[in-house]
Structures are given as structure tokens and as C-alpha cells.
Amino acid sequence: MQDSQELLLRLDRRGEPLSKGQKRIADYIARHYDKAVSMTAGTLGRACDVSESTVVRFAYAMGYDGYPEMQAALRSLVRQRLTAEQRFALATAIDPDHLMTTVLRNDMQNIRKTVEALSREAFERAVDAITRARRIYITGMRSAAPLAQFMYHYLHQIHEDVLLAGNATVDACEEVERITREDVLIGISFPRYSSRTLECMRLAREGGATVIGITDGEMSPLKDASHICLCAATDMAGFVDSLAAPLSLINALVLATGLSRSEALTEHFKRLEGIWDAHSVYTDKAEE
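Heads up, the sequence shown is in my numbering, so the first residue is 44 and it goes up one at a time.
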């Protein structure tokens, strides 16, 4: 029950039978969800002038299995709606003495959540589609752009025809316009979702291509635009999105794709090593 839109619907029904204290909680969350997201049950209770137990009972009244589950739904809502200014305000609430530990643990938790929730069947379908594709299109805008570039860098070494849609000179949708049913498009986006990435994915579907979405959850708009949707947790500790889990997922996709054509790749990498050595692409510290 971690659907943020469902949470809004439940709060909209706050006129239904609730105690006076529970109504104050519902009103507070509806008006100040950006503040409530970081509050413990006790802190939220004090802000609403009710007891911690009233907050817990309110979570159950909203249909959640306790306060932690309701708070998870609230985090999902916040990540979709917060402006950059509001996100930064959240970061200022982190204790500076524990900032490094908080951020790293948050990344670890996101990876753990992803491992537990990721569909193996969907992952294998994605690998098969990428392996069979005539051409692979990859698109990711704004904060997802480094992920798209990373994936392009490694898939380009594995596959003969990979295109990073959306460079500085050509609009991403213009490049996708030539896509065919033999191709695959991988769209990467997280809250706040890129409308341009979504448009590329929809164009790819219209062109008959297989569309793979990499995003944060089942409620992402990328879900409906994809044939195959792979979800990675990106819960943020501040104004910077946590991209540790999406990067790990992309690592797994690239590695699985490479292993599916290991014999050809072994010869390819031998040739690449010769080119890199001949042109001193990498520094050999042992010779310095």
C-alpha cells in the first residue's frame, strides 16, 4: 500500500469518521506533506497536538499496516511533487555529523530494496530484448543523463549499433523517429520525471520497437510507456537523487548482455586492448 496517489485519495476522504485528533493529522499532512515526510510518529503527533499512539491509529485508519508503511507512501508522494527548493530544505534537516553515514546507508537500503523487489522474469526479458535488437536506443535526461551515458559506454562495446538519443545537437525525439520494430529503446527517468524521455518512449512504441523502462516504481509514468519495466529504488536522503540502485541495475543488465555473447566479445576485447595500447589510452603506473 505504498501508492502515493492512493494516499492522496485517502486524505481526501478525511471527512469520513475519524476522531478530532486524526482529522488534525490528515489536515496537517495534506497541507505540509513536505515537512511530515521526515517526521517520526512522535514528532508528527507533537506538530498536531496529539499523542504518538493517535498517529499510529491514524495510519491504520488510512488502511496502512502501521506508520512506517504510511510514511513510505508519503515519501513516494514527496519525491514526485517536491520542488528543488523543497528538496534542499529536507537536506538541511540531516545532522551534519552523520551526513556521510546517512547518505551511504540510504544508498545501501535502496540497493537492498531493489534486490528484493526486482522481477527476475522482467530482467531476463530485458536482457533477451537487448541482445536480439538490431539497434539499441538509450535515452535519459537531466539527472538520469549520466546513467544513460554510462549504459551507452558499455553497451557500445558489446553491441554493434547503439545510439544515445538526445545529444547536444540533435533532439532525442528526432533520432527516435527512425526506430523500427527490430530495435529496442531504453528509457531512464526518476522523479521528477522527464516529459522528453516519456515522449521518446511513446514514439518508440508507436514505431513498433520494444521499449524498456528503468524507473523507480510501478506508479511511475514510464510503466505504461514500457513493454518491460525494471524498477530500482531511489529514495533520497536530500535534494540529490540516490542513483546507486539504478546504476547497479544497469551494471547487471550490461554484464548479462555481455555474457550472452561472450565468445565474440573475447575476440573484440583483444582487438580493443591492442588499439588502446597502441594509442596509450590508459596510463600504466607501473612504468612511471
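The beta carbon of each residue, even a glycine, is placed where N, CA and C say it ideally should be.
Limits of the unbroken beta strand (DSSP E) element including residue i
i	result
Gly-347	The structure shown does not extend to residue 347, since the chain is modelled only from 44 through 331, so no value can be given for it.
Gly-109	First-last for Gly-109: undefined, no H or E at that position.
Leu-61	Neither: Leu-61 is in no beta strand (DSSP E) and is coded neither H nor E.
Ile-179	179-183
Val-205	205-207
Short CB-CB distance (under 7 Å) between residue i and chain D
i	result
Leu-290	Here there is only one protein chain, and chain D is not present.
Residue i, buried or exposed, once every other Cβ within 10 Å from all chains shown has been counted against 16
i	result
Thr-144	exposed
Ala-307	exposed
Gln-65	buried
Tyr-76	buried
Val-170	buried
Thr-300	buried
Arg-67	buried
Pro-234	buried
Thr-83	exposed
Val-324	exposed
Which listed residue (the options) has its alpha carbon closest to that of residue i
i	options	result
Leu-198	Phe-312, Val-158, Tyr-103, Arg-89	Phe-312
Ser-186	Ala-247, Leu-315, Ser-232	Ser-232
Gln-200	Val-324, Ile-271, Val-297, Tyr-180	Val-297
Thr-277	Leu-292, Ala-268, Ile-271	Leu-292
Leu-37	Pro-234, Glu-249, Arg-235, Val-213	Outside the displayed range of the chain (44 to 331) lies residue 37, so it cannot be described from this structure.
Glu-225	Ser-237, Met-105, Asp-204	Asp-204
Asp-284	Gly-85, Tyr-236, Ala-172, Ala-165	Tyr-236
Val-254	Leu-246, His-270, Met-262, Ser-263	His-270
Tyr-184	Arg-100, Ala-115, Ala-215	Note that residue 184 corresponds to Met in the displayed sequence, not to Tyr. Selected option, being the one with the closest Cα: Ala-215.
Span of the alpha helix (DSSP H) around residue i
i	result
Leu-246	238-249
Tyr-325	Counting along the chain, Tyr-325 falls outside any alpha helix (DSSP H), and DSSP gives it neither H nor E.
Gly-301	287-302
Thr-97	95-104
Gly-85	84-91
Val-219	215-219
Ile-201	188-201
Ala-268	264-268
Cβ-Cβ separation, residue j to residue i (assumed contact under 8 Å), whole Å
i	j	result
Thr-174	Arg-304	7 Å
Leu-302	Phe-193	Wrong, their Cβ atoms sit about 18 Å apart, outside the cutoff.
Leu-286	Leu-190	6 Å
Ser-94	Gly-88	6 Å
Lys-266	Gly-256	7 Å
Val-213	Tyr-180	Between Tyr-180 and Val-213 the Cβ distance is about 12 Å, and since that is not below 8 Å, they are no contact.
Ala-288	Asn-153	4 Å
Residue i, DSSP secondary structure in three states
i	result
Val-254	strand
Leu-161	coil
Thr-309	helix
Gly-317	helix
Thr-145	helix
Ile-222	coil
Val-170	helix
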